[in-house]
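Numbering (the numbering used here), first residue to last: 43 to 230.
Where a beta carbon is used, it is the ideal one built from N, C-alpha and C, also for glycine.
Only a predicted model underlies this, so the values are computations on that prediction, with no experimental measurement involved.
Written out below as structure tokens is the structure these notes cover.
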């Protein structure tokens, strides 16, 4: 049996994963339901998978995760695999393993060997490649109620292959944030 791989990503309504403006984290739209849902999801046994850019960003921003939201502390404490041909160890992240080589080959092996689900939060370019290879079983898209036309950064799916998405779950958190979980299938 292969482990399920979830690509977990935050987005503005216009499809951007981050911003350069003064919005704050979560575009300043987090509420208690959102934070409780994240803490619940990251309280489950799983292995995180990161690309080099997301790993570097997480180390710089999250550091020891002191004073961070509960789910971020839980995410940081989960076992992780960092897939990179540019990094060298040791990694400055608890319970992280560095894997060099082709991401598709690494994640294929992880899916075969892992006893727990795999999850990647962020890692846009890594997950585009994994989507194209058919290795992503779930896309968990959390859409915050903002348009970031002037301050947008990192278009999430630009350059990705075409996919049909089967909606498996949906929920509204705090009255305005949407969490959508899809099963992707390569179109065509």
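Residue of the options minimising C-alpha distance to residue i
i           : options            : result
residue 65  : 215, 194, 208      : 194
residue 133 : 154, 116, 93       : 93
residue 182 : 158, 69, 80        : 80
residue 233 : 171, 143, 169, 110 : No answer is possible for residue 233: it lies beyond the span of the chain, which begins at 43 and ends at 230.
residue 180 : 186, 227, 215, 196 : 227
residue 169 : 117, 95, 103, 206  : 95
residue 87  : 204, 97, 45, 223   : 45
residue 215 : 223, 204, 202, 184 : 184
residue 203 : 62, 89, 210, 178   : 178
residue 210 : 120, 161, 223, 91  : 223
residue 124 : 82, 116, 160, 78   : 160
residue 82  : 115, 103, 62       : 115
residue 186 : 56, 145, 225, 122  : 56
Rounded separation between residue i and residue j - CA only
i           : j           : result
residue 219 : residue 73  : 9 Å
residue 85  : residue 191 : 34 Å
residue 76  : residue 217 : 10 Å
residue 164 : residue 51  : 6 Å
residue 112 : residue 100 : 15 Å
residue 171 : residue 70  : 30 Å
residue 98  : residue 205 : 29 Å
residue 200 : residue 174 : 13 Å
Residue i CB to nearest heavy atom of the ligand ADP below 7 Å
i           : result
residue 226 : Annotation note on the ligand ADP: not contained in the displayed structure, which lists no ligands.
Expected contact under 8 Å - CB spacing of residue i and residue j to nearest Å
i           : j           : result
residue 188 : residue 54  : 5 Å
residue 140 : residue 129 : 6 Å
residue 59  : residue 196 : 4 Å
residue 91  : residue 149 : 7 Å
residue 156 : residue 49  : Not quite, the Cβ-Cβ distance comes to about 16 Å (not below 8 Å), so this is no contact.
Interface flag, residue i vs chain B, CB-CB below 8 Å
i           : result
residue 138 : Of the chains in the structure shown, none is chain B; there is only one protein chain.
Handout entry: Completely contained alpha helix (DSSP H) runs for the region 168-205, where each covers 4 or more residues
Key = Whole alpha helix (DSSP H) segments, 4+ residues: zero.
Handout entry: Those runs of the alpha helix (DSSP H) which lie wholly inside the region 63-105 and span at least 4 residues
Key = Assignment of alpha helix (DSSP H) within the region 63-105, counting only whole runs of 4 or more residues, yields 74-84, 94-104 in chain order.
Practice task
Any chance you could list the beta strand (DSSP E) runs of at least 3 consecutive residues sitting entirely within the region 124-150, in chain order?
Solution key: 138-141
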